[in-house]
Each structure stands twice: as C-alpha cells, then as structure tokens.
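Participant:
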Amino acid sequence: MIDLSKFISRLKRIGQGSGVVTRFAPSPTGMLHIGGLRTALYSYLLAKQNNGKFILRIEDTDQSRFVAGATEDIINSLAELGLQPDNLNNLYYQSKNIEKYQNYAEKLIKQDKAYYCFCSADRLAKLREEQIAKKQAPGYDGHCRTLDQKTIDNYQKLNKPHVVRFKTPRQEEIKFIDIVRGEISIKTDNIDDQVLIKSDGFPTYHLAVVIDDHQMKITHIIRGEEWLPSTPKHVLLYQAFGWDLPNYVHLPLLLNKDRSKLSKRSNDVAAHDYLQKGYLPAALINFMVLLGWNPGDDRELFTLDQLISEFKLERINKSGAIFYLDKLNWFGQQYFQKMTAVEFYQAARNWLSKFDEKIVHQFNKNVSAACQTRISHFSEIKTEFSHLFNDIDCQSKDLVFKKSTKELTLQGLSEVVKDLQNINENSWNADNLQLHLASLVRKLNLGNGDVFWPVRYALSGKEKSETPVELLMELGKEKSLARINKAITYLKKS
RNA sequence: GCCGCCUUCGUCUAGUGGUUAGGACUUCAGAUUCUCAAUCUGGCAACGGGGGUUCAAUUCCCCUAGGCGGUACCA
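Quick note on this note's numbering: the first sequence kicks off at 41 and runs consecutively.
#1: What does the Cβ neighbour count give for Val-203, buried or exposed, with the cut at 16 atoms within 10 Å?
#2: Is it true that the CB of Val-289 sits closer than 8 angstroms to the CB of His-260?
#3: What ranges does the alpha helix (DSSP H) occupy inside the stretch 455-499, keeping only unbroken runs of at least 4 residues that lie completely in it?
#4: Considering Leu-115, what are the terminal residues of the alpha helix (DSSP H) in which it resides?
#5: Tell me the residue span of the beta strand (DSSP E) that contains Lys-227.
#6: From the DSSP secondary-structure annotation, give me the bridge partner or partners of Cys-157.
#7: Out of curiosity, what's the CA-to-CA distance linking Arg-221 and Pro-209?
#8: Within its chain, find whatever has a CB closer than 6 angstroms to the CB of Val-275; leave out the 5 residues flanking it on each side and keep chain order.
#9: Taking the alpha carbon of Val-509 as the reference point, which residue from Leu-484, Leu-477, Lys-533 has its own alpha carbon closest?
#10: What residue range does the beta strand (DSSP E) around His-417 cover?
#11: Is DSSP giving Pro-125 helix, strand or coil here?
#12: Ordered along the chain, which non-local residues of its own chain (more than five positions away) have a Cβ less than 7 angstroms from that of Glu-361?
#13: Within 10 Å of its beta-carbon, does Ser-479 have 16 or more other beta-carbons around it, so buried, or fewer, so exposed?
#14: Among Arg-97, Glu-383, Tyr-82, whose alpha-carbon lies nearest the alpha-carbon of Ile-114?
#15: Kindly indicate which three-state DSSP category Asp-232 falls into: helix, strand or coil?
#16: In chain order, which beta strand (DSSP E) runs of at least 3 residues are fully inside the stretch 129-193?
#17: Exposed or buried, what is Lys-88 when buried is set at 16 or more other beta-carbons lying within 10 Å of its beta-carbon?
#18: Assign Ser-436 to one of three DSSP states: helix, strand, or coil.
#19: With distances taken Cα to Cα, identify the nearest neighbour of Phe-327 among Gly-336, Thr-343, Asp-313.
#20: What are the start and end residues of each continuous alpha helix (DSSP H) run of 4 or more residues lying completely inside the stretch 312-374, in chain order?
#21: Would Arg-205 be called buried (16 or more neighbouring beta carbons within 10 Å of its own) or exposed?
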C-alpha cells in the first residue's frame with residue numbers, strides 16, 4: 041500500500057519545483073493524432089513553465105503495428121506546431137533496448153514477482169471463449185503461475201514459446217492519486233496477470249513504460265484517460281521494483297460528435313490533416329488547449345508563450361470534450377484577422393506554394409485582402425474563391441434578375457462596360473472604381489442594387505461573394521470586362 | 001458481464017450553500033451593406049432523475065440513470 045500523505049507532499053513539491061520532466065510517448069502506428077497533440081501540448085506547457093524538460097520517446101514495441109514514416113510525421117508535426125522536444129537529437133526508441141526490459145523481467149522472476157507462462161495462444165483463446173460463454177470475466181486463469189522448476193526447465197530445453205507474466209498479488213487494494221481526478225482505488229482481484237515480455241521478446245507497454253519513466257526521471261505522466269484503468273498495473277510494477285511513483289495526470293478524452301472516443305470514422309484525426317488544410321498552427325494550438333483546460337476567466341485567445349505561464353494542472357477538466365469544428369474555424373478566423381495584410385499574404389502564399397501550386401500565381405494582394413476576413417483555413421481560398429481562379433458560369437441560373445428586371449440589368453451592365461473601358465490601368469484602384477460605379481447609379485437614376493448586384497454577379501457567378509469593387513480589383517480590368525461582356529451576351533440571347 | 005471514470009445551454013466551459021446561473025462558439029433578429037464576410041447591438045438556449053442534510057441545494061451525502069473508457073502476447 042502506498043503512503044498517501046508522503047505522496048501528496050511530494051506532489052506539491054514537484055508541482056512548484058524546477059525538476060519537472062514530462063514526456064510524450066507515442067507509438068509509431070500512424071500520424072500524430074490530434075489527441076496525442078493535446079497530450080504533448082499539456083506536457084510541453086508543464087515542462088516549460090517549470091524550466092523543466094519535455095522528452096519525446098518512441099514506444100515501438102509492437103512490430104506488427106509499426107507504420108513507416110509515422111515517427112517522422114510525429115516529429116515534423118510537433119516541430120511545425122512549436123512543441124519542440126528537448127531530446128530531439130537523442131531520441132529514445134524502446135525497440136533498441138529490448139534486453140534492458142528482459143533483464144528487469146528476469147529480476148522480477150527471481151523475486152517470485154513474475155513467472156514464465158507457456159500457454160499457447162490456442163489455449164488462451166479457448167479459455168476466453170469458455171469464460172465468456174459462462175458469463176465470467178475473461179482473463180488469464182493462472183495456469184502457469186505455479187509451475188514447478190522441473191517443468192519450466194524442461195519446457196525451456198524444448199524451446200517452447202513463452203511469455204513472462206506479472207504475478208499480481210491477490211486481495212489487495214491499489215490506491216493512487218491522479219492530479220485531475222483525485223484518489224483512485226481498485227482491487228487487485230480485478231487485475232489480470234499481465235504479460236510483461238511477449239513471446240517475441242519485446243516488452244509490453246506496461247513494463248516498458250514503467251521502466252522508462254523511472255529511468256528518465258519523469259515527474260509527471262500526462263496521458264489520455266484510456267490509460268486510467270491500467271495505471272494500477274503500473275503502480276504494482278513500481279512497487280515490485282521498489283521505485284517511487286510519478287505524478288499521474290489523466291486527460292479527459294477527445295470525443296466525436298456522438299461522444300465516442302475521437303476516431304477516424306467521423307473526424308480527421310491527424311494533426312497533419314489540419315495543418316494541410318491550412319489552419320495556422322497557433323490557431324490549432326489555441327483551440328486544442330481549451331479542450332479540457334481553461335484559465336478560469338473569460339479569456340480565450342492565447343499565444344504559446346502565454347500558455348506556458350498561464351497553464352495550470354489544477355484547471356484541467358474531468359469530462360470528455362467534443363472536437364467541435366465550428367469553434368476551431370472561429371479560432372482560425374480570429375488568427376487570420378489578427379495578422380497584418382502583409383503577414384497574411386505571405387503566409388497564404390507560403391501555404392499555397394506547398395499545397396496548391398496551381399493557383400499561387402493568381403494569388404495577388406487584392407485576392408489576399410478579400411480572403412483574409414472570410415476564411416478560417418487556407419484551403420478555403422480555393423473552395424470559397426473558385427470564381428477568382430476558374431472560369432465562371434453565370435448562365436447556369438438566372439440570378440442576374442434577382443434584384444432587377446432584365447432590361448434594367450442589361451442597360452446598367454452596358455453602361456458599366458462603357459464606363460470602365462475608359463479607365464486606364466493606372467487608375468484602376470478601389471477608390472476610383474467605387475466612384476465610377478456610384479456616379480453611374482446616379483447618372484442612370486437607378487438604385488444601388490440595380491447596378492452593384494448584376495455587376496457583382498457577372499464577375500463572380502455567385503449569389504454570395506466579395507463586393508463588385510473588390511472583384512474588379514482582384515480580377516483586373518481585362519478579365520473583369522470580359523466577364524461582364526459575357527453576361528451581357530447571355531442576357532441578350534435569353 | 002466485470003472494473004473504472006464522467007455528468008451545467010446544441011458545443012467548449014465559468015461558478016456558488018442564498019446569483020436575473022456568467023462567457024465563448026453555433027443559431028436567430030436588428031444596425032451597416034447590392035449580396036457575403038467583418039464589425040456593433042440584442043434574443044433563444046443548461047444545472048440528467050430520485051431521495052436525504054439544511055431555513056435554503058445546481059453546489060454537500062446516498063441511490064439511480066445515462067454516457068464513455070478498460071477488460072489483448074495493441075498501445
């Protein structure tokens with residue numbers, strides 16, 4: 041049993057001290073997951089605000105699930121988001137240290153705290169089936185727990201495949217403190233004899249994580265709530281080795297709209313996906329940090345530096361949070377609006393040249409200005425402003441007539457063309473164009489909408505778009521006139 | 001089934017033994033505008049249920065329901 045008071049005082053000490061070491065320990069089974077990103081973020085923030093260390097450890101103990109390129113994506117995504125690990129030049133891979141784990145397992149066996157298990161996968165599967173059929177809790181039945189030495193020696197001589205299992209003590213109660221949830225307790229009778237070393241010689245997560253966290257002197261284990269039920273297994277291992285417990289911080293889960301654990305089925309789950317869509321890293325970070333944490337007041341906009349000083353473990357929430365795209369989009373928009381026109385222009389070009397080279401050449405400062413207040417991520421430049429990059433088809437619907445009669449529209453449009461033709465390229469600027477359109481309205485004795493609406497529609501082909509003046513600027517004289525003429529031709533035909 | 005965790009507007013959340021239960025997103029309406037966006041103003045919208053404790057419970061306790069997670073030689 042753990043001495044809780046000792047534990048708590050230690051916890052307080054560490055929370056304020058400078059010896060904080062956190063780690064992000066993904067297994068390279070895919071791209072950096074958005075849930076992993078938040079875990080990494082919180083770990084990073086805690087380490088940095090205490091002048092501590094943030095370590096990246098690759099937990100590649102399952103050969104069958106290894107995905108090529110995953111580690112690289114994790115490293116790159118973290119870098120792009122500004123969460124640089126302190127051991128980047130000295131990454132730790134569990135797969136390169138298999139012997140170490142095996143040695144520790146041997147130690148436990150010698151102390152009678154673990155044992156060899158020679159049960160075949162077949163037997164285990166059958167056992168499981170029977171248990172389920174009988175409505176019993178599925179689990180290992182302890183068949184090899186009491187094997188005598190002769191049998192073991194014999195099996196080993198025969199090279200019989202085996203694993204190492206932990207000898208979970210019976211009828212004990214395991215208690216530990218989670219900083220988010222307080223004291224958690226579970227009876228050991230509900231804990232299986234966990235496999236420590238698999239038959240391929242690799243350690244399981246449970247063994248490796250305990251050994252490495254201890255050896256790396258990790259002070260705070262920040263991870264998803266899905267690990268909460270296996271934490272007692274880890275506590276048992278710490279006790280078996282005679283090591284001090286770290287601080288546990290189990291984060292609430294990130295959820296799909298239906299409140300199930302965030303999954304690929306209903307969401308993009310890779311950080312990469314959102315970066316590729318052109319969300320600003322700062323916006324993504326800002327959105328993510330608020331999913332499970334808040335500063336205690338009404339502020340919502342934070343830079344990473346601000347977060348480093350503001351973040352408090354005590355303000356982490358208990359309940360799961362839905363990954364709500366609307367709010368992410370709002371943050372995206374906020375961050376774009378905070379930028380200067382030049383900053384936005386450059387960032388957008390940067391993104392386009394990486395992900396949408398075809399339209400980067402048409403992305404001028406006027407287009408940029410129109411986009412800045414209207415998008416939440418860069419890929420919307422292409423989807424929301426298609427009329428700037430592609431030919432439009434304003435014949436598809438008779439929207440031109442929505443605000444005006446055909447005659448009026450025809451008359452207005454023709455006058456506009458006549459008028460605009462006389463403006464030379466040098467005077468083709470927003471103020472001047474606005475002036476021209478306004479004076480045309482007066483000259484023709486029409487309402488604003490009678491001129492502005494058809495011009496805008498002729499230029500954009502869309503019911504909703506930028507203003508006519510903006511469009512004239514974005515498209516330039518030649519293209520603008522061509523489009524208006526095209527609309528006139530169509531009107532005359534119909 | 002068993003074990004564990006969670007529960008305030010649709011969403012992210014603040015909050016207190018006595019509050020008009022606050023903010024943000026979404027949404028709706030108005031102002032502005034040719035439309036959109038942006039901006040400003042305003043509105044709708046929540047304490048899962050049942051018992052206690054108490055003068056008083058959203059807040060404390062118990063039960064229950066629901067949700068989620070775990071139950072692998074996956075992490």
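By construction, the Cβ of each residue, glycine as well, lies at the ideal position given by its N, Cα and C atoms.
Facilitator: Taking the definition as stated:
#1: Val-203 comes out buried.
#2: Yes, the Cβ-Cβ distance between His-260 and Val-289 is below 8 angstroms.
#3: Listed in chain order, the alpha helix (DSSP H) runs fully inside the stretch 455-499 are 470-484, counting runs of at least 4 residues.
#4: Strictly speaking, residue 115 in this sequence is Ile, with Leu absent from that position. From DSSP, the alpha helix (DSSP H) with Ile-115 extends over 110-120.
#5: Its beta strand (DSSP E) spans residues 222-227.
#6: Note: Cys-157 is bridge-paired with Val-203 in the DSSP secondary-structure output.
#7: Between Arg-221 and Pro-209, the C-alpha separation is close to 25 angstroms.
#8: A distance below 6 angstroms between beta-carbons, with the five flanking residues on each side excluded, links Val-275 to the following residues of its chain, in chain order: Ile-214, Phe-216.
#9: Nearest C-alpha to Val-509 among Leu-484, Leu-477, Lys-533: Leu-477.
#10: Note, His-417: premise wrong, no beta strand (DSSP E); not H, not E.
#11: Correct three-state label for Pro-125: coil.
#12: Going by the sequence as given, residue 361 is Ala instead of Glu. Pro-292, Leu-294, Leu-295, Leu-331, Gly-332, listed in sequence order.
#13: By the neighbour-count criterion, in which a residue is buried when 16 or more other Cβ atoms sit within 10 angstroms of its Cβ, Ser-479 is exposed.
#14: Checked all of Arg-97, Glu-383, Tyr-82; the closest Cα to Ile-114 is Arg-97.
#15: If DSSP states are grouped into helix, strand and coil, Asp-232 belongs with coil.
#16: Taken in chain order, the unbroken stretches of beta strand (DSSP E) that lie wholly in the stretch 129-193 and span 3 residues or more are 154-157.
#17: Answer is buried; the Cβ neighbour count reaches 16.
#18: With a pLDDT of 49 at Ser-436, under the threshold of 50, the modelled position of this residue cannot be trusted; read the value that follows with caution. The three-state reading of DSSP puts Ser-436 in coil, since its state is none of H, G, I, E or B.
#19: Residue nearest to Phe-327 within the set Gly-336, Thr-343, Asp-313 is Thr-343 (criterion: CA-CA distance).
#20: Fully contained in the stretch 312-374 are the following alpha helix (DSSP H) runs of length 4 or more, in chain order: 321-329, 344-350.
#21: Counting Cβ neighbours within 10 Å, Arg-205 comes out buried, since at least 16 surround it.
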